[in-house]
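> Just passing along the structure, written as C-alpha cells.
Residue numbers (our numbering): 3 to 728.
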C-alpha cells in the first residue's frame, strides 16, 4: 500500500507543472459594460443596452466533433446594473421543425431538451461557481457548481427569466440578482462559458472550446467575462424565508389517532461579505422535498440516497464531497433522520481567492419513545487552493449526545456518547483537466477507544480524447466509525483499476465506440481475498444520441457475515461460504429527440449458492410537449436458488405523470409498487411558484399493503414559503 501511495504522490507532483500554466481559454474574452437603459425581462431584444452590448458568437462544436465551429448559430449578450446581471441569448434554428423539450419542469434533464446554459465562475478558480439557463419552452435551470464541472440542481435561488419563440429562433432573457450569487468584490474578470444543445441538429456547442470527452460545464475551459468596472457590491443582503404548514396524517396499521400539524419555521440567509454567507434555520420542515425513488435492494450493504434539502446544499461540496462514494465521513441525511431538527447554523463561502471555509452546527431534539437523546452535530471544513485548480481540505466532524445517561436495565437502544472524525484530503486537477485525482486520510474517535479507526484512500485518473484510465485503492480499518457519514463497509483493503478507449469514426451514424475493462478486489485486514468483480463492456454512441452497451462480468464473494441473497426471506447463507458466478447484460437508450423515448437494461447469469438471477429494467416515456410528460419504469428480478429460497420474483413498477401548466405551476403524481417490501406508495405534489423562490405546496401521500390493498398510512400537507429580501 505504501508503494502505491508513493506512486500516486509522485505522479501528482509531475502533474503540478500543468496546474501552474496559464488558463487554457484565457484569450476568449467577452467585454461587458454597464447597461445604458433599463431592461425589461420579456424575451424581446428591443432595449438600447442590448444594441450596445458586445456579442459572443462563433461557438465551437463539442459534439459530435470538437474540431470545428458549430453549425448552429448562437448569439449572447450580457450587461448589468446596480441590482442584476443580465443575459440575453438568440438561439437560431439550423433545421426546420419544432423545438424538442420534455416539459416546463424546473431543472430539466440536459440531454433531453433544446437548451442554453450559462456556467459562471465568479472567482475564476476553475473549481466552484453557478449555472443558470432554460430550455426552449422556458423551463428554468439553476444549480451550484463544484469539483470543477459538477452541477447540483437541488440548489434553488431567486432570479427571473423569459423565453420567446419564433419560427427561426428562440430568445432567452434573464436577470440574476447579485444577491443570489457569491463573488468577491473588486475582481473584474470572471470565468464564464455558454453551452447550447440543439437536438434536431444533434449538436452541442460552447462559446469557449471544450474537448468532447469533458462536459460543457467544465470550468477548466471557461473563457473570461471582463467587467468595465468592478461588480457592484450587493449591499445589505439579508433574506428571511418563513414557512407556514398545516397537515393531517393517520397511521392505520397502529390504529393511532389522527395527527394534526400546525407548524411555523424560518430560514435566513445573511451575506457577511459578497462571498461569505451565514445560513440560519429554526424548526425546519422538508415535507415538500420529493420522496426517494424506491429500488429493489439485493445488495449486502446500505444503499445511498442523495440529499435534496435546500439548507444543506450551498457550498455543500465542502462537507459532502470529502472522500469517495462509499467513504463519506459526513452525510447530511444522517441529521434529522430519526429526530426533529430544532435549529441550525451554517457559515460557508470564500474568505479570499485561495481559501474557502465551511462551518455547520445542527441541534436535534430527543425522542423519548426510542430512548434517543438530544444530539448536536458540528462540522468544520477549511480548503486551500493549490495552483490553478487543485486544493487541500481539512475536515472535523463531531456528533455529541447531550445530557445522556442511559438506564442499563432499559430495553431501549443505547446510543454512543460521541463520535468524531478528523480528515485531510488533497484533490488534484490539472489545468487542462486531463489529470484528476485524490488522496485522503481519516481518523475516527469514540468513547473508550471502541470507535477509533483509520482510513486511507487515493485515486489517479487520466482522460484524453480517446483513452481514459483510473487507479483507485482504499483501506478502511475494522473499528473505523462515521456515525454522521456514509461508510457501509469497513475492515477491508480495495484496489480498483479501470481503462477505456473510444474511437470516433468519420461516420454519418456512429459518433463513438469502444471498450471498457475494469476489476475490483477486496481483501480483509488479514490479507485474505473476500470479493472480486471483473467486467468488460463495449459501448456504442450514435450521432442521434442513442446509446448501447454490451457487458460481461465475473464475480467472486467470500461472505464475511451471514447474508440473505433475496433480502426478503430471512434465510441466510453462512459466513465463510464462497460463491462465484458469471453474467452478461445489455443497456440501451433511445434518441431523446423523439416524443416517445425508451430505454432498457438486461442481466442474465449466475448468483449466490450456484443459483441464477435474471433482470430486466425498462423506462418508457411520452411527452405532449411542453405541458405533459408520462413515464413508466419497471424492474423485474427472477432469482432461482436451492431450498429454502427456491424461486423468488420481485416487481418494482413506477408510473409517473408530470403536468407543467406554466413554468411556475407544476403537478406531479407517481406510484411506486415495490414487491420486495410489500408496499404501494402514492405521492402527488402541487407547486405554485407565485414569486421567484416563493412557493405554495400541496403534498398528498398514501402507502398501501398490496394485498388485500389495505391502507397503511396517509397524509396531506399544505405548505407556504415566502422569500423576503430585507
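Built from N, CA and C at the ideal position, the CB exists for glycine as well. All values derive from a computational prediction rather than experimental measurement.
Rounded to a whole number of angstroms, what is the C-alpha to C-alpha distance between residue 94 and residue 170?
As a position in the chain shown, residue 94 is number 92, starting the count at 1. As a position in the chain shown, residue 170 is number 168, starting the count at 1. Going by the C-alpha atoms only, they are around 6 Å apart.
> How would you label residue 76, buried or exposed, when you count the other beta carbons within 10 angstroms and need 16 or more for buried?
As a position in the chain shown, residue 76 is number 74, starting the count at 1. Looking at its Cβ environment, which holds 16 or more other Cβ atoms inside 10 Å, residue 76 is buried.
> Helix, strand or coil for residue 314, going by three-state DSSP, please let me know.
As a working note, residue 314 is residue 312 in the chain shown. Helix, per DSSP.
> To which residues does DSSP link residue 244 through a beta bridge?
For the purposes of this step, residue 244 is identified with residue 242 of the chain shown, where counting begins at 1. Per DSSP, 268.
> So, for residue 636: in the same chain, excluding its five sequence neighbours on each side, which residues have a beta-carbon less than 6 Å away from its beta-carbon?
In the chain shown, the residue the question calls residue 636 occupies position 634. Same-chain partners within the cutoff: 620, 655.
> Residue 683: which of 674, 689, 590 sits nearest, CA to CA?
As a working note, residue 683 is residue 681 in the chain shown. Of 674, 689, 590, the residue nearest in Cα terms is 674.
> Do residue 624 and residue 618 have their beta-carbon atoms positioned less than 8 Å apart in this structure?
Numbered from its first residue, the chain shown carries residue 618 at position 616. Numbered from its first residue, the chain shown carries residue 624 at position 622. No. Outside cutoff.
> Is there contact between the segment 568-579 and the segment 304-315, where contact requires at least three CB pairs shorter than 8 Å?
no
> Distance, Cα to Cα, residue 223 vs residue 27?
Start at 1 with the first residue of the chain shown, and residue 223 comes out as number 221. Start at 1 with the first residue of the chain shown, and residue 27 comes out as number 25. Annotation: residue 223 to residue 27 spans about 6 Å, alpha carbon to alpha carbon.
> Pick out whichever of 509, 508, 518, 492 has its Cα sitting closest to the Cα of residue 502.
Position 500 of the chain shown holds residue 502. Of the candidates 509, 508, 518, 492, the one whose C-alpha sits nearest the C-alpha of residue 502 is 518.
> Measure the alpha-carbon distance for residue 645 versus residue 557 and round it to whole angstroms.
As a working note, residue 645 is residue 643 in the chain shown. As a working note, residue 557 is residue 555 in the chain shown. So the two alpha carbons sit approximately 22 Å from each other.
> Ignore the nearest five residues each way along the sequence and tell me which others in residue 42's own chain have a CB closer than 8 Å to its CB.
The count along the chain shown starts at 1 and reaches residue 42 at position 40. Excluding positions up to five away in sequence, the list reads 49.
> Along the chain, where does the alpha helix (DSSP H) containing residue 530 start, and where does it finish?
For the purposes of this step, residue 530 is identified with residue 528 of the chain shown, where counting begins at 1. Neither: residue 530 is in no alpha helix (DSSP H) and is coded neither H nor E.
> Unbroken alpha helix (DSSP H) runs of length 4 or more, entirely within the segment 636-685: which are they?
Fully enclosed alpha helix (DSSP H) runs of 4 or longer: not present.
> Opposite residue 65 in the DSSP bridges: which residues?
Within the chain shown, numbered from 1, the residue matching residue 65 stands at position 63. Beta-bridge pairing links residue 65 to 206.
> Closer than 6 Å by C-beta to residue 638: which residues in its own chain qualify, once you throw out the five before and the five after it? Chain order, please.
Here residue 638 refers to the residue found at position 636 of the chain shown. These residues qualify, in order along the chain: 618, 653.
> Helix, strand or coil for residue 414, going by three-state DSSP, please let me know.
On the chain shown, position 412 is the one that residue 414 refers to. Correct three-state label for residue 414: coil.
> Which of the three DSSP states, helix, strand or coil, is assigned to residue 77?
For the purposes of this step, residue 77 is taken as residue 75 along the chain shown, with counting starting at 1. Of the three classes helix, strand and coil, the one that applies to residue 77 here is strand, per DSSP.
> Name the two residues that bound the continuous alpha helix (DSSP H) containing residue 52.
One-based indexing of the chain shown puts residue 52 at position 50. That run of the alpha helix (DSSP H) goes 50-54.
> Does the segment 88-105 come into contact with the segment 162-182, if we say contact requires no fewer than three beta-carbon pairs (one atom in each stretch) closer than 8 Å?
yes
> So what does DSSP say about residue 717, is it helix, strand or coil?
Numbered from its first residue, the chain shown carries residue 717 at position 715. DSSP places residue 717 in strand when its eight states are reduced to three.
> The ligand NAD heavy atoms versus the CB of residue 495: any closer than 7 Å?
The ligand NAD is not among the ligands present in this structure, which contains no ligands whatsoever.
> When we look at the beta-carbon of residue 324 and count the other beta-carbons within 10 Å, is it buried (16 or more) or exposed?
As a working note, residue 324 is residue 322 in the chain shown. The residue is buried, with at least 16 neighbouring Cβ atoms inside 10 Å.
> I need the boundaries of the alpha helix (DSSP H) containing residue 454, first residue and last residue.
Taking the chain shown and counting its residues from 1, one reaches residue 454 at position 452. Neither: residue 454 is in no alpha helix (DSSP H) and is coded neither H nor E.
> Which residues does DSSP pair with residue 127 in a beta bridge?
For the purposes of this step, residue 127 is taken as residue 125 along the chain shown, with counting starting at 1. Answer by DSSP bridge pairing: none, since residue 127 is not bridged.
> Would you call residue 322 buried or exposed, if buried means 16 or more other Cβ atoms sit within 10 Å of its Cβ?
In the chain shown, residue 322 corresponds to position 320, counting from 1. Residue 322 should be labelled buried.
> Tell me whether residue 319 sits in a helix, a strand or coil according to DSSP, three-state version.
Counting from one through the chain shown, the residue named residue 319 turns up at place 317. Residue 319: helix per DSSP, three-state reduction.
> Less than 8 Å between the C-beta atoms of residue 282 and residue 273, yes or no?
Indexing the chain shown from 1 puts residue 282 at position 280. Indexing the chain shown from 1 puts residue 273 at position 271. Not in contact: residue 282 and residue 273 (Cβ atoms no closer than 8 Å).
> What residue range does the beta strand (DSSP E) around residue 515 cover?
On the chain shown, position 513 is the one that residue 515 refers to. Note, residue 515: beta strand (DSSP E), 512-525.
> Considering just the uninterrupted stretch of the beta strand (DSSP E) at residue 364, what are its terminal residues?
Stepping through the chain shown from its first residue, residue 364 is reached at position 362. Residue 364 -> beta strand (DSSP E) spans 357-366.
> Would you decide whether residue 357 is buried or exposed? Buried here means 16 or more other CB atoms lie within 10 Å of its CB.
Counted from its first residue, the chain shown places residue 357 at position 355. That one is exposed.
> Between which two residues does the beta strand (DSSP E) holding residue 589 run?
Residue mapping note: residue 589 aligns to position 587 of the chain shown, counting from 1. Here the beta strand (DSSP E) through residue 589 covers 580-591.
> From 598, 613, 610, pick the residue whose C-alpha is nearest to that of residue 630; which is it?
In the chain shown, the residue the question calls residue 630 occupies position 628. Looking at the Cα atoms, 598 is the closest of the given residues.
> Going by DSSP in three states, residue 386 sits in which element: helix, strand or coil?
The count along the chain shown starts at 1 and reaches residue 386 at position 384. Three-state DSSP puts residue 386 in a strand.
> Verify whether the separation of the beta carbon atoms of residue 154 and residue 140 is less than 8 Å.
For the purposes of this step, residue 154 is taken as the residue at position 152 of the chain shown. For the purposes of this step, residue 140 is taken as the residue at position 138 of the chain shown. No.
> Do you know offhand how far residue 651's Cα is from residue 411's?
Indexing the chain shown from 1 puts residue 651 at position 649. Indexing the chain shown from 1 puts residue 411 at position 409. C-alpha separation (whole angstroms): 43 Å.
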